[in-house]
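Colleague: Below are the structure tokens for one structure; questions will follow.
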Amino acid sequence: MHYALLIDFGSTFTKVTAVDLISEEIVGTASAFTTVDSDIGTGLNVALDRLRRVTGDIAFEFKSACSSAAGGLRMMVSGLVPELTAEAARLAALGAGARITRLFTHELTRRDLIAIEADPPDIFLMTGGTDGGNRACMEKNAEKLRSLSVQFPIILAGNRQAIDACEDALADFPVTVCPNVMPSFGVLNIEPVQREIRDLFLKHIVNARGLSKTKKILSDILMPTPSAILSAMKLLADGTEKETGIGELMGIDVGGATTDVYTIARGEPVDMNVICKGLDEPYAKRTVEGDIGMRYSVAGIVSEVGQSWISERSGLTADDCATYISELSDDKSKVPLTHDDALARFDHALASGAVEIATRRHAGVLEEAFTTSGLIYVQTGKDLRSVRQIIFTGGSFIHAQSPLDIARHALYTERYPMSLRPKQATVLRDDRYILSAMGVLAEREKDIALRIIKRELVPLGDISLGDDS
Amino acid sequence: MEQGNGKKLVIGVIGADVHAVGIRILEYAFREAGFDVTNLGVMVSQEEFIGAALETAADAIVISSLYGHGELDCRGMRDKMDEAGLDGLLLYVGGNIVVGKQDFVDVEKRFHEMGFDRVFPPGTPPEETIYYLKKDLGVD
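Heads up: the sequence lines are chains A and B, in that order. Take 1 as the starting number for the first sequence in the numbering used here and just add one per residue. Take 1001 as the starting number for the second sequence in the numbering used here and just add one per residue.
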């Protein structure tokens, strides 16, 4: 009974990982297609049969899962000012592993309400105003949501003076109240909301998503998959009381539809002549680029970097690139057959572009300002230039032939000197997709999970500024 | 310190101005006078003032400028506030707000035309600003 079974219900694949808790080793992994439309247990059983062929018959001390199946945890968030409470709400939801289907600022409109009704979220996070500040935004929005014909859990995490009126207005909804995401100007307080999101995920979403059918075989479904990955990254960076971590890091997951970037880093300014602006940055930060991905979001990459950039880096002619762009929009399941075929080179360029854009959007930026006291820099976001480790996970990177060339696009470059990305880094790769599983395992066995992550991540080499054009 | 008067101020130094000390003194003086103060510090943009005033439901914005470019930095502030739904919000400016030695009567007139409710010359003691804030906001 000294084995643990960890399950990741993905949108396409259900992945299972068996861990020996005594030898602290992964004894087997397997996967099968996720079967969310019928019974999600069907796909799981296929995966478990495959796992059994590797591990033989073993009994599990516990079985835990994370899930991004059936669209993942779908949230809508609302706030007042786009760069302030709405941004705090966005950071809170992303960090809790959610997919944000809509973000609303200021007061909800009739069209907004129609959109909410047409595609209701799993959770609605409502914020707005500092404590003692603006009340109208939340109170009016609550009044408007009350008229909806659909219901969903609502988290109120804005101006505490507005909470009573909101609770009264939303008496028919399951409402929970959390401390304000921005209690005073610029101050970020998102952990309480994130804990609440996770509780709601356990209580409501798991049932709603047909995942509850698997309850008899599972001890628990703990969290959305991105939250498990973030938690594994944080464990790896910080360590535990007994086991040291590896320090600040960046994580990148280039998927088919989106590209996620994680940083576990303080990102504070290093120089004296820097002034920080904007909202506080979360130490463990996740951003999701919905328009950047290897199959469903090819167009987003191309429109951002330009077709000539892709053509230059893939060595393909502009015409060939155009052909692939249109072919991939018709057939998302196309994959390269060999490492040197043209599609593989096209994918290489796409992945490079995805990493380039997603890291640039995640990292902080400097702006120059000439003042009477000389040159001053204004920093918005995190300064990641001293982060020294980059973790890659996700298929596009795992199957790539020249992963370091792709990874270089996450670095600081002279071309974008104001984008505060790492100046040099050791690249580690999650070859066996174990990060989400270890994030789940860490709920019970932090030390074991950390030691396995440290052993399993494959160092690919070091990259530094100036290696690439 | 006087008891809180429930009025909320957003204060800061506008533009590429890094004079950090004066704004701290103002913050202290306004707090002592009973105001609830959000101090945005130095190098504050118009958008930051407006965002902070919206979120905190401020009763007034007090802009400081000491490096002579205040006139450029403040241009369009009132229009942006109107756009953001802060129309009618009390707006003050003070400090060395223009270049060189100019007749303050002219300076004040120009800033009034730009939509500032009160304009304070160099060397204004905090007590004077506090007096007008209380008067304009109906405190006491």
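Each residue gets a CB set at the ideal place from its N, CA and C atoms; glycine is no exception.
Compare the C-beta of A165 of chain A with all C-beta atoms of chain B and state if any pair is closer than 7 Å.
Modeller: False, the Cβ-Cβ gap to chain B never drops below 7 Å.
Colleague: How should G492 of chain A be labelled, buried or exposed, when 16 other C-beta atoms within 10 angstroms of its C-beta is the threshold for buried?
Modeller: Because chain A spans 1 through 469 in this model, residue 492 of chain A falls outside it and cannot be assessed.
Colleague: Taking only the alpha-carbon atoms, compute the straight-line gap between P224 of chain A and F1120 of chain B and give it to the nearest angstrom.
Modeller: If you take the alpha carbons of P224 of chain A and F1120 of chain B, they lie about 55 Å apart.
Colleague: I need the boundaries of the beta strand (DSSP E) containing D253 of chain A, first residue and last residue.
Modeller: Counting along the chain, the beta strand (DSSP E) containing D253 of chain A begins and ends at L249 to V254.
Colleague: Tell me, to the nearest whole angstrom, how far the beta carbon of V427 of chain A is from that of A407 of chain A; I am working on the premise that it is less than 8 Å.
Modeller: Indeed they touch by this definition, with Cβ atoms about 5 Å apart.
Colleague: Which residues of the region 37 to 68 of chain A have a Cβ closer than 8 Å to any Cβ of chain B? Give them in chain order.
Modeller: So nothing in the stretch comes that close.
Colleague: Along chain B, which residues have their Cβ under 9 Å away from the Cβ of F370 of chain A?
Modeller: Within 9 Å Cβ-Cβ: A1016.
Colleague: Give me the DSSP bridge partner(s) of Q389 of chain A.
Modeller: In the DSSP output, where bridge partners are listed per residue, Q389 of chain A has A:T426.
Colleague: Hey, could you find the ends of the alpha helix (DSSP H) S464 of chain A is sitting in?
Modeller: Where S464 of chain A is concerned, there is no enclosing alpha helix (DSSP H), although the beta strand (DSSP E) it sits in stretches over V458 to S464.
Colleague: From the DSSP output, read off the bridge partner residues of Y1092 of chain B.
Modeller: Looking at the DSSP assignment, Y1092 of chain B forms a beta bridge with B:V1062 and B:R1118.
Colleague: By the DSSP assignment, the beta strand (DSSP E) with V61 of chain A in it spans what residues?
Modeller: Going by the sequence as given, residue 61 of chain A is Glu instead of Val. Where E61 of chain A is concerned, the enclosing beta strand (DSSP E) stretches over F60 to S67.
Colleague: Verify the CB distance criterion: does I398 of chain A have a CB-CB separation below 7 Å to chain B?
Modeller: Not an interface residue.
Colleague: Tell whether a beta-carbon distance below 7 Å holds between L5 of chain A and K63 of chain A.
Modeller: A contact, by the Cβ cut-off of 7 Å.
Colleague: Apart from the five residues on each side of it in sequence, which residues of its chain come closer than 6 Å, Cβ to Cβ, to G1117 of chain B?
Modeller: The question names Gly, but residue 1117 of chain B in the sequence shown is Asp. L1090 and L1091.
Colleague: Would you be able to state if there are at least three C-beta pairs under 8 Å between the region 1019 to 1028 of chain B and the region 49 to 56 of chain A?
Modeller: Contact fails: fewer than three Cβ-Cβ distances are below 8 Å.
Colleague: Out of A:A237, A:C276 and A:K277, point me to the one whose CA is closest to Y283 of chain A's CA.
Modeller: Nearest option by C-alpha distance: A:A237.
Colleague: Any beta carbon from chain B within less than 7 Å of G364 of chain A's own beta carbon?
Modeller: G364 of chain A does not count as touching chain B.
Colleague: Taking just the CA atoms, how far does G128 of chain A sit from N134 of chain A?
Modeller: Rounded to whole angstroms, N134 of chain A to G128 of chain A spans 7 Å at the Cα level.
Colleague: Assuming contact is defined by CB atoms lying nearer than 7 Å, are G353 of chain A and L420 of chain A in contact in what I supplied?
Modeller: Result no, Cβ atoms of G353 of chain A and L420 of chain A do not sit closer than 7 Å.
Colleague: Kindly list, in the order they appear in chain B, the residues whose Cβ is closer than 9 Å to that of I190 of chain A.
Modeller: Per Cβ cutoff of 9 Å: no residues; I190 of chain A is ~16 Å from chain B at best.
Colleague: Taking only the alpha-carbon atoms, compute the straight-line gap between L465 of chain A and V387 of chain A and give it to the nearest angstrom.
Modeller: Straight-line Cα distance between these residues: approximately 13 Å.
Colleague: With a Cβ-Cβ cutoff of 7 Å, do T240 of chain A and K446 of chain A count as a contact?
Modeller: In contact: T240 of chain A and K446 of chain A (Cβ atoms closer than 7 Å).
Colleague: Determine the chain B residues that contact V378 of chain A at a beta-carbon separation under 8 Å, and present them in chain order.
Modeller: Those are M1043, listed as they occur along chain B.
Colleague: Starting from the C-beta of V458 of chain A, find all residues in its chain whose C-beta is less than 6 Å away, skip the five residues before and the five after it, and write them out in chain order.
Modeller: The residues are R429 and D431.
Colleague: Could you spell out the range, first to last residue, of the beta strand (DSSP E) harbouring R74 of chain A?
Modeller: Where R74 of chain A is concerned, the enclosing beta strand (DSSP E) stretches over R74 to G79.
Colleague: Mind pulling the alpha helix (DSSP H) runs of 4 or more residues that sit fully within the region 123 to 150 of chain A?
Modeller: Fully enclosed alpha helix (DSSP H) runs of 4 or longer: 136 to 146.
Colleague: Can you name the start and end residues of the alpha helix (DSSP H) that I116 of chain A belongs to?
Modeller: Start and end: R110 to A118.
Colleague: Excluding sequence positions up to five away, which residues of its chain have a Cβ less than 8 Å from the Cβ of G1041 of chain B?
Modeller: If we look at G1041 of chain B and ignore the five residues flanking it on each side, its Cβ neighbours are G1012, V1013, A1020 and I1023.
Colleague: With a threshold of 8 Å on Cβ separation, who are the neighbours of T317 of chain A within its own chain once the five nearest residues in sequence on each side are excluded?
Modeller: Once the five neighbours on either side are set aside, the close Cβ partners of T317 of chain A are S311.
Colleague: Can you find a CB in chain A that lies within less than 7 Å of the CB of A1053 of chain B?
Modeller: Not closer than 7 Å to any Cβ of chain A, the Cβ of A1053 of chain B fails to qualify, so no.
Colleague: Should H1069 of chain B go down as buried or exposed, given a rule of 16 or more other Cβ atoms within 10 Å for buried?
Modeller: That one is buried.
Colleague: Between E327 of chain A and F346 of chain A, what straight-line distance do the alpha-carbon atoms span, to the nearest angstrom?
Modeller: One C-alpha to the other measures close to 12 Å.
Colleague: Does DSSP put N1039 of chain B in a helix, a strand or coil?
Modeller: It is a strand residue.
Colleague: When burial is assigned at 16 or more other CB atoms within 10 Å of the CB, is P417 of chain A buried or exposed?
Modeller: Looking at its Cβ environment, which holds fewer than 16 other Cβ atoms inside 10 Å, P417 of chain A is exposed.
Colleague: Please report whether the beta-carbon of R1092 of chain B lies at a distance below 7 Å from any beta-carbon of chain A.
Modeller: It should be pointed out that residue 1092 of chain B corresponds to Tyr in this sequence rather than to Arg. Closer than 7 Å: no.
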